[in-house]
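> Under the numbering used here, read the first sequence as residues 1178 to 1416, first letter to last. No residue lacks a Cβ here, since even glycine has one placed at the ideal position from N, Cα and C. I have a structure here, written as structure tokens, and I will follow up with some questions on it.
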Amino acid sequence: MGRAPCCDKANVKRGPWSPEEDVVLRSYMEKHGTGGNWIALPQKAGLNRCGKSCRLRWLNYLRPDIKHGGFTEEEDNIICSLYIKLGSRWSIIASHLRGRTDNDVKNYWNTKLKKKLITSSNNDAVKKNPSATSPPALLHAVAVKSESKNSYTSDPISKLYSPPLSSSNHLSSMINDQEGSVSSSTVTADDGSGSSKAGEEDMLLSEFDLGFLSELLGGYGDEEMPPPLLWTASELRYS
DNA sequence: AAGAAGGACAACCGCCCGAGG
DNA sequence: TCCTCGGGCGGTTGTCCTTCT
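As structure tokens, this is what we get:
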């Protein structure tokens, strides 16, 4: 028996937001902030929407200083490098890019960056070894994933690159503890069920693959990452 | 010109976790 | 200590737009 839904889905509007709804939500947020409760917000604001939907709309679209599209080469490098180090921890990756949201980064990765990486790898592999007909296994895994609808747990690249973290608390401390770099050594190899051994077994990535990817990406492969650009509470609440 | 296919991205779903009672 | 609730996250789906045939 699952938990009760956060709202009555039959009685709330779903789908794309209208400009009118955006105006209502934005003006309410500018005047009151979230009030510490997203679930109650739509009722207070006079919106016939789920609280989570309001939250998502605000964080990913209406929030001030949000940038859409136009990812720079430098941002590409940061995203790729962090993906190598952290896996699909989009919120953390997004925190390193001012004005970018996790959803934005995730979409960008899934639609463009992943393909770009695969293309680059093919070209590079051919340059290095003309007789080679396929990219390294790791990048092949990306290609496999892009063609499948496998779940997260069976995603080969997630498996390889995503040392499961024991808790979001750990992630927060990881971010806060950073003094300008994201090190793979700060990531706990833990499968989330208390077995670190399983986590270690997941670290199947060879040095060759990591080196290859770093070389491929250039930029931040083995260098220090720029510090995360964390949003302050006031920025988030906009109150 | 019309339909199909693919790309981009907004939005939803379901799960996990921490806080608080 | 247990339970409930809300926030947050990552994966997936839906929709619109553009390009191709």
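(1) In angstroms, rounded to a whole number, what distance separates the CA positions of K1244 and N1225?
(2) Would you check if the distance between the CB atom of Y1238 and the CB atom of A1222 is smaller than 7 Å?
(3) Can you tell me whether G1475 is buried or exposed? The criterion is at least 16 other CB atoms within 10 Å of its CB, across all chains shown.
(4) Buried or exposed for P1219, please, with buried defined as at least 16 other CB atoms from any protein chain shown within 10 angstroms of its CB.
(5) Give the single residue among G1228, T1288, R1266, E1197 whose Cα lies nearest to the Cα of G1212.
(6) Out of I1255, C1257, G1247, V1282, which has the shortest C-alpha to C-alpha gap to S1268?
(7) Ignore the nearest five residues each way along the sequence and tell me which others in R1203's own chain have a CB closer than 6 Å to its CB.
(8) Could you give the distance in angstroms between the alpha-carbon of N1254 and the alpha-carbon of G1247?
(9) Take L1233 as the anchor and find which of H1273, N1287, D1279 has the nearest alpha-carbon.
(10) Given this structure, state the Cα-to-Cα distance separating R1473 from L1236, to the nearest angstrom.
(11) With DSSP run on the structure shown, which of helix, strand or coil describes V1189?
(12) DSSP on L1274, reduced to helix/strand/coil?
(13) Exposed or buried, which one is A1217 when buried takes at least 16 other CB atoms within 10 Å?
(14) Rounded to whole angstroms, what's the CA-CA distance from S1323 to E1197? Just pull it up for me.
(15) To the nearest angstrom, report how far apart V1201 and C1231 are at their CA atoms.
(16) Nearest to E1250 by alpha carbon, out of E1207, K1289, V1189, S1272?
(17) Does DSSP put K1291 in a helix, a strand or coil?
(18) Keeping to the same chain, check which residues put their C-beta closer than 7 Å to that of N1188; ignore five residues upstream and five downstream.
(19) Thinking C-alpha only, which one of S1272, Y1260, S1195 is nearest W1286?
(20) Label S1258 either buried or exposed according to how many other C-beta atoms from any shown protein chain fall within 10 Å of its C-beta, with 16 as the threshold for buried.
A quick look at the data gives this:
(1) Locating residue 1244 in the first sequence gives position 67, where the first residue counts as 1. Locating residue 1225 in the first sequence gives position 48, where the first residue counts as 1. Cα to Cα, the separation comes out at about 27 Å.
(2) Looking up residue 1238 in the first sequence gives position 61. Looking up residue 1222 in the first sequence gives position 45. No. Outside cutoff.
(3) Only positions 1178 to 1416 of the chain appear in the structure, and residue 1475 is not among them; the question remains open.
(4) Residue numbering aside, residue 1219 sits at position 42 when the first sequence is read from its first letter. With 16 or more other Cβ atoms within 10 Å, it is buried.
(5) In the first sequence, the residue the question calls residue 1212 occupies position 35. Ranking the options by Cα distance to G1212, first place goes to G1228.
(6) Residue mapping note: residue 1268 aligns to position 91 of the first sequence, counting from 1. Per the Cα distances, V1282.
(7) Walking along the first sequence from the start, residue 1203 turns up at place 26. Once the five neighbours on either side are set aside, the close Cβ partners of R1203 are L1239.
(8) For the purposes of this step, residue 1254 is identified with residue 77 of the first sequence, where counting begins at 1. For the purposes of this step, residue 1247 is identified with residue 70 of the first sequence, where counting begins at 1. Cα-Cα distance, rounded: 14 Å.
(9) For the purposes of this step, residue 1233 is identified with residue 56 of the first sequence, where counting begins at 1. Closest by alpha carbon: D1279.
(10) Residue 1473 falls outside the range modelled here, since the chain spans only 1178 to 1416, and no answer is possible.
(11) For the purposes of this step, residue 1189 is identified with residue 12 of the first sequence, where counting begins at 1. Residue state, collapsed to three classes: coil.
(12) Working through the first sequence from its first residue, we reach residue 1274 at position 97. Coil.
(13) Here residue 1217 is taken as the residue at index 40 of the first sequence, counted from 1. The residue is exposed, with fewer than 16 neighbouring Cβ atoms inside 10 Å.
(14) Looking up residue 1323 in the first sequence gives position 146. Looking up residue 1197 in the first sequence gives position 20. In this prediction, S1323 has a pLDDT of 38, which is less than 50 and means its spatial position is unreliable; what the coordinates show is noted afterwards. If you take the alpha carbons of S1323 and E1197, they lie about 36 Å apart.
(15) Locating residue 1201 in the first sequence gives position 24, where the first residue counts as 1. Locating residue 1231 in the first sequence gives position 54, where the first residue counts as 1. One C-alpha to the other measures close to 11 Å.
(16) As a first step, residue 1250 is located in the first sequence; it is residue number 73 there, counting from the start. Nearest C-alpha to E1250: K1289.
(17) Taking the first sequence and counting its residues from 1, the one referred to as residue 1291 is at position 114. Residue state, collapsed to three classes: helix.
(18) Counting from 1 along the first sequence, the entry for residue 1188 is found at position 11. Nothing meets the Cβ criterion.
(19) Position 109 of the first sequence, counted from the first residue, corresponds to residue 1286. Nearest option by C-alpha distance: Y1260.
(20) Translated into positions along the first sequence, residue 1258 becomes position 81. With 16 or more other Cβ atoms within 10 Å, it is buried.
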